[in-house]
Each structure stands twice: as structure tokens, then as C-alpha cells.
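Enquirer: Under the numbering used here, the first residue of the sequence shown carries the number 274, and numbering increases by one thereafter.
Where is the CB? At the ideal position from N, CA and C, for every residue including glycine.
Below is a structure I'd like to ask you about.
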Amino acid sequence: MEEQAWFMDDNSIEDQRLPHQYCNPKEFVSPDHLAELGVLYWKLNPDNYENDPELNKIREARGYTYMDMLDLCPEKVENYEQKLKNFYTEHIHADEEIRYCLKGSGYFDVRDKADRWIRIWMKPGDLIVLPAGIYHRFTLDTSNYVKLIRLFVGEPVWTPFNRPQEDHPARKVYVKSLTENAGGTLKAH
């Protein structure tokens, strides 16, 4: 696995687009630790996304029937700074959040079982699945550009429910899955 993830410093007042490493040197988070949280990851070829048999296999196995593209940069997004603030507000979704990075880079931050932030650096070829009900947020890094494919089961729904959401059905299912899967890990492949 080529992804890079680390515990981040949540108390920093620096620009959200910086790495925000918790320790120096970074305290990296293993793929198994992310899998215990239900976060799935694949490394694919971003230059072949239209004809990639591995992507097609993942889509078919997981029921991702809808796909679109999102170009995030100041020149292409109206109210760019406000959009980034919205994405960076801690929230959950009732459904999985699936993103495949084709160009550029950005960070997904997810909460672990101890409520610490883990920063996951998305770069070209990274496909990530965040489970429904996990607290998370997103920001670009200092490159200020990312081109993502968004995947959905059925029609696209991207409704954020800002924290706190402990009584949301998706959150309850997610928290229950953490306790039931304690010690076991999910595998992307």
C-alpha cells in the first residue's frame, strides 16, 4: 500500500492545507489500522481509469453504478474558499464516500476509535472508501488542485451531517461495526 496516513495535530492554527503532523517525525498509521476503521484503499492507474479492469471489478463488486468527476481548484470552483470550509467541517454521511484521485492531491481526515484525527494524503491513483457514519473531513493540500472521480451506489447523494451525530442511524451502525469487528480487519483486495 502506498497511501500515507499519520496522526495529525488537531490543535494547530496553521493553514488546513499543511500536513499537520502530530509528532516529529510523523507517527504513521498502518493500512491495518485504517482497515479496522472500515477505511478501504486501492492503488490504481489514474491514466487508464476509463478502461481499467481493476476499477471495473471494484465498481461491480461494490455496486458503484454512478460516476462523475470533480475538479477542485480556485479557477474552476465558484466560492472556492467557502466550499473548502464546508468540506473541512467535520461530518458523516448516510452512505459510503468513495473518491478516486486522478490528478493533484488532498487530505481526507478521519477519526479513529479514540477520536484522534488521522490524515490520509490522497494522490493520483489512490481510491479510498470511507464507511457510512465515520466522522471525516476533506481539504486540498498546498497544491490547491485535485481532480477526483466520485463513485456512488445508485443516484448520487452527498448530504453531510455535521457533528454531533451520535443518534444518526448510519453513525449507530458504524459504531456498532467497530465493536463487532474489534481485532478483525477489512481488506480492500
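Buried or exposed for Pro-404, please, with buried defined as at least 16 other CB atoms from any protein chain shown within 10 angstroms of its CB.
Expert: Under this definition Pro-404 is a buried residue.
Enquirer: Pull the bridge partners of Ala-278 from the DSSP assignment, please.
Expert: Ala-278 pairs with Ile-393.
Enquirer: Run through the stretch 331–401 for me and flag every whole beta strand (DSSP E) of 3 or more residues, listed as ranges in chain order.
Expert: Within the stretch 331–401, the complete beta strand (DSSP E) runs of at least 3 residues are 339–345, 370–377, 379–384 and 390–395.
Enquirer: Need the endpoints of the beta strand (DSSP E) that Tyr-314 sits in, please.
Expert: 313–316 is the span of the beta strand (DSSP E), which, as asked, contains Tyr-314.
Enquirer: Taking all protein chains shown into account, decide if Pro-437 is buried (16 or more other Cβ within 10 angstroms of its Cβ) or exposed.
Expert: Exposed, by the Cβ-count rule.
Enquirer: So, at 6 Å on beta carbons, what are the nonlocal neighbours of Ile-484 in its own chain, with the 5 sequence-adjacent residues on each side left out?
Expert: Any question about residue 484 goes unanswered here, given that the chain covers just 274 to 462.
Enquirer: Is there contact here, the stretch 408–416 with the stretch 327–342, by at least three beta-carbon pairs under 8 Å?
Expert: No, because fewer than three Cβ pairs between the stretch 408–416 and the stretch 327–342 fall closer than 8 Å, the two stretches do not touch.
Enquirer: In whole angstroms, give me the CA-to-CA distance for Lys-420 and Leu-413.
Expert: Near 10 Å, if we compare the C-alpha coordinates of Leu-413 and Lys-420.
Enquirer: Going by C-alpha to C-alpha distance, which of Lys-396, Glu-363 and Leu-291 sits closest to Ile-422?
Expert: Per the Cα distances, Lys-396.
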